[in-house]
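**Q** Sending over a structure as structure tokens; questions will come in a sec.
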Amino acid sequence: MLSYLASMAVIVAGLYFYTALSPYYIALYRVHWTPSWLAHGTGWTVTFPVALQGFACVYALALLPYYALRPGRFSHAYIMLRHACRRLARLQPPQAAEDGEEDRQAMLCLLLKFIFIPFCIHGLVAYLAYADDQLSQLGRLVAGGTMPDWFSFYNSRLHYLVLNLIFIVDFFPFVVGYLVQSRMLGNEVVSVDASVGGWMACLVCYPPFNAAMAAILPMQVVELAPAYPAFSMTAHLVINGMLLTFFALYAYASVSLGFKCSNLMHRGIVRRGLYRLIRHPAYLFKNLAWWTGAIPLLYVLAQTSPKEFFWTGFCMAGWACIYLLRALAEERHLSRHADYRGYMQQVRFRFIPGLA
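Residue numbers for the sequence shown follow the UniProt record's numbering, beginning at 1 and rising by one.
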């Protein structure tokens with residue numbers, strides 16, 4: 001019961017922070033989705049606060065039997081709050097090293113969930129909303145017999161529908177992975193990276209820290225479809241096809257991880273899918289997708305402004321280096337465990353089989 005109450009206290013605090021306390025996140029996480037199948041019914045709209053409240057209610061019900069069936073196992077929230085209360089009451093005895101490490105790992109795990117659960121839930125709901133809207137528009141076009149020519153249809157509808165479906169597939173394992181950790185799913189947390197460098201390399205890629213990083217290394221992430229210069233139809237389709245392929249492989253890397261998906265945590269080794277070939281497929285294909293999206297811009301700048309061309313390329317390379325640092329930091333953390341050292345011997349290359 002103490003684990004349950006501590007967990008719910010942390011959940012309620014997080015819910016209040018993201019939906020009522022922080023102006024930044026209230027402005028950032030804004031989504032209003034009325035599922036099309038409800039458009040002529042209740043008109044129920046999913047907003048970010050509604051989504052978080054829904055998950056909180058599910059937790060309130062599911063955690064009771066979850067902790068009841070785990071006698072003697074304490075939640076990270078309980079461990080952290082117990083430590084805080086003892087400190088405040090000055091009842092903390094001299095700690096054994098292993099007790100102090102347990103407290104620190106519990107705090108870091110909760111902090112990661114506090115940062116990434118809202119981000120992942122908002123991303124999943126937002127992309128569900130986008131895809132639902134695009135499917136509704138497509139249905140209206142078909143019903144009205146007003147389908148455009150296939151090339152215009154690809155540029156205005158199909159490309160973005162496929163892209164949003166890819167992102168839904170990518171976000172779903174992360175949502176489940178952050179919300180649920182259990183022996184049954186094989187994704188219990190073994191350890192959390194405690195290094196400052198590892199946290200910095202990771203957090204600069206996500207809000208709110210990525211906004212500050214983008215002020216230093218601005219990068220225009222283009223998800224293509226319209227090409228601005230007017231490439232030939234063949235070049236246009238090839239570039240867009242490459243981008244969708246790279247993002248699809250990026251999502252496949254998330255699916256390969258399954259419910260072990262998370263940042264800065266060791267939750268067991270994955271040797272299936274792309275992880276049989278290279279150790280960091282998600283980072284590789286995300287960056288390849290970004291570079292592909294930058295092709296039209298780089299093409300124009302190479303002809304009009306060499307200075308801007310080199311600056312844009314430098315910024316793109318800077319972000320690629322950040323992901324390289326993330327990969328190196330992850331390996332430093334994970335290589336503390338014998339199972340990952342064995343995996344590194346089995347899969348020798350980080351990004352390109354036989355080369356890098």
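The beta carbon of each residue, even a glycine, is placed where N, CA and C say it ideally should be.
Does the Cβ-Cβ distance between I121 and V175 come in under 8 angstroms?
**A** Residue mapping note: residue 121 aligns to position 121 of the sequence shown, counting from 1. Residue mapping note: residue 175 aligns to position 175 of the sequence shown, counting from 1. Result yes, Cβ atoms of I121 and V175 sit closer than 8 angstroms.
**Q** For Y24 and A235, what's the separation of their Cα atoms in angstroms?
**A** Translated into the one-based positions of the sequence shown, residue 24 becomes position 24. Translated into the one-based positions of the sequence shown, residue 235 becomes position 235. When rounded, the distance between both Cα atoms is 40 angstroms.
**Q** I'd like the ranges of any alpha helix (DSSP H) spanning at least 4 consecutive residues and lying wholly in the stretch 101 to 137.
**A** If we require 4 residues or more, the stretch 101 to 137 turns out to have no alpha helix (DSSP H) run fully inside it.
**Q** Classify P226: buried if its beta carbon has 16 or more other beta carbons within 10 angstroms, exposed otherwise.
**A** Translated into the one-based positions of the sequence shown, residue 226 becomes position 226. Exposed, since its Cβ has fewer than 16 Cβ neighbours within 10 Å.
**Q** Starting from W33, follow its DSSP beta bridges and name the residues at the other end.
**A** For this step, residue 33 is matched to residue 33 along the sequence shown. BP columns for W33 point to V46.
**Q** Is DSSP giving residue 357 helix, strand or coil here?
**A** The question about residue 357 has no answer here: the residues shown for the chain are numbered 1 through 356.
**Q** For residue 412, count neighbouring Cβ atoms within 10 angstroms of its own Cβ and tell me buried if that reaches 16, exposed if not.
**A** Residue 412 lies beyond the stretch modelled for the chain, which goes from 1 to 356, so this question has no answer here.
**Q** Identify which residue in L5, V222 and V300 has its Cα closest to the Cα of Y66.
**A** Along the sequence shown, read from residue 1 onward, the residue named residue 66 stands at position 66. When only C-alpha atoms are compared, the closest one is L5.
**Q** DSSP puts V192 in a beta bridge; with which residues?
**A** Here residue 192 corresponds to residue number 192 of the sequence shown, with the count starting at 1. In DSSP, V192 forms a bridge with M265.
**Q** Which of helix, strand or coil does DSSP assign to D149?
**A** On the sequence shown, position 149 is the one that residue 149 refers to. Note: D149 maps to coil in three-state DSSP.
**Q** Do you know how far the Cα of S7 is from the Cα of H76?
**A** Looking up residue 76 in the sequence shown gives position 76. Looking up residue 7 in the sequence shown gives position 7. Spanning the two alpha carbons is a distance of roughly 8 angstroms.
**Q** Under the three-state reduction of DSSP, which class applies to Y206: helix, strand or coil?
**A** What you label residue 206 is simply residue 206 of the sequence shown in a count that begins at 1. The answer is coil: DSSP assigns Y206 none of H, G, I, E or B.
**Q** In the DSSP assignment, find the alpha helix (DSSP H) that holds R326 and state where it starts and stops.
**A** Along the sequence shown, one-based indexing puts residue 326 at 326. First-last of the alpha helix (DSSP H) with R326: P306 to L334.
**Q** If you count every other CB in all the chains shown that lies within 10 Å of the CB of P118, and 16 or more means buried, which is it?
**A** Residue 118 sits at position 118 when you count from the first residue of the sequence shown. Buried is the call here.
**Q** With distance defined between alpha-carbon atoms, name the residue in R140, L264 and N240 nearest to L328.
**A** For the purposes of this step, residue 328 is taken as the residue at position 328 of the sequence shown. Here the closest residue by C-alpha is L264.
**Q** What residue does the alpha helix (DSSP H) around A251 start on, and which one ends it?
**A** Numbered from 1 along the sequence shown, position 251 holds the residue referred to as residue 251. Start and end: M233 to L257.
**Q** Using DSSP with H/G/I as helix, E/B as strand and the rest coil, what is N187?
**A** As a position in the sequence shown, residue 187 is number 187, starting the count at 1. Note: N187 maps to coil in three-state DSSP.
**Q** Where L274 and F351 are concerned, what is the direct C-alpha to C-alpha distance, given to the nearest angstrom?
**A** For the purposes of this step, residue 274 is taken as residue 274 along the sequence shown, with counting starting at 1. For the purposes of this step, residue 351 is taken as residue 351 along the sequence shown, with counting starting at 1. Approximately 10 angstroms between the Cα atoms of the pair.
**Q** For S152, does the count of other Cβ atoms within 10 angstroms reach 16, so buried, or fall short, so exposed?
**A** For the purposes of this step, residue 152 is taken as residue 152 along the sequence shown, with counting starting at 1. When all chains shown are included, S152 counts as exposed.
**Q** What residue does the alpha helix (DSSP H) around P281 start on, and which one ends it?
**A** By one-based count along the sequence shown, residue 281 stands at place 281. Where P281 is concerned, the enclosing alpha helix (DSSP H) stretches over P281 to G293.
**Q** Quick check: the stretch 304 to 312 against the stretch 285 to 293, are at least 3 beta-carbon pairs closer than 8 angstroms?
**A** Too few Cβ pairs lie closer than 8 angstroms, so no.
**Q** From A60 to P306, what distance separates their C-alpha atoms?
**A** Reading the sequence shown from its first residue, position 60 is the one you call residue 60. Reading the sequence shown from its first residue, position 306 is the one you call residue 306. The alpha-carbon atoms of A60 and P306 are separated by roughly 58 angstroms.
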